[in-house]
Each structure stands twice: as C-alpha cells, then as structure tokens.
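First residue of the sequence shown? That's 42 in our numbering, and the numbers climb one at a time after it. Where is the CB? At the ideal position from N, CA and C, for every residue including glycine. Since we're looking at a predicted model, the values are computed, not measured. Here's the structure, in structure tokens; my notes come after.
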Amino acid sequence: MSFNKPEGKESGIGLLAEEVVRLGKKDGDIGGDIADGFVKDLFEFTFIEIAKAFYNSGRKFRLAKTVKEYAGVFARGIKAQRS
C-alpha cells in the first residue's frame with residue numbers, strides 16, 4: 042500500500058471505495074458533510090480489518106459475524122444525519 046498515488050491512476054480497492062462513496066452519497070446513505078477522502082479511508086480500513094480477521098482466524102473465520110461487526114462500525118461512521 043502506498044500513500045503516493047499517481048494522479049488518475051486509481052485501481053483495486055481504491056476503485057471499490059470510490060464506488061461506495063459515489064453510490065452512498067447518491068442514495069443519501071453517506072452524509073454530505075463527510076469528506077470523500079475520509080469515507081474512502083474508512084472503507085479501506087474496514088476492508089483491511091476484515092481481511093486481517095480472515096487470515097488470523099483460519100478455519101474459525103465467520104464471514105457474516107465479522108462483516109456485521111466491522112461493517113457496522115463503517116456504516117455508523119458515515120451515516121447521514123436524518124432530520
């Protein structure tokens with residue numbers, strides 16, 4: 042992972058994160074006052090934590106439980122405030 046990204050050369054997880062931001066803001070699930078870069082970083086963090094849990098737990102890994110735990114943190118972090 043590198044923090045020095047050539048302009049216009051997004052790929053892999055970065056493209057997925059961009060799509061999450063785009064669709065989330067379009068659908069109103071991501072607060073408009075939250076910076077896109079923050080949402081992308083939080084998404085990447087969540088993805089990495091799920092991957093770490095997978096690799097560290099071996100056969101004991103429970104996908105649904107792990108995703109629910111980490112995705113819940115992500116969702117609460119980006120939640121749009123409803124009036």
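Under the three-state DSSP convention, the category residue i falls into
i     : result
Ile89 : helix
Ile71 : strand
Gly53 : coil
Ala94 : helix
Presumed contact (8 Å Cβ cut-off) between residue i and residue j, rounded CB distance
i      : j     : result
Val62  : Val80 : 5 Å
Gly126 : Lys66 : Nothing in the structure corresponds to residue 126, since the chain is present only between 42 and 124.
Residue i - containing alpha helix (DSSP H), residue span
i      : result
Gly118 : Leu104 to Ile119
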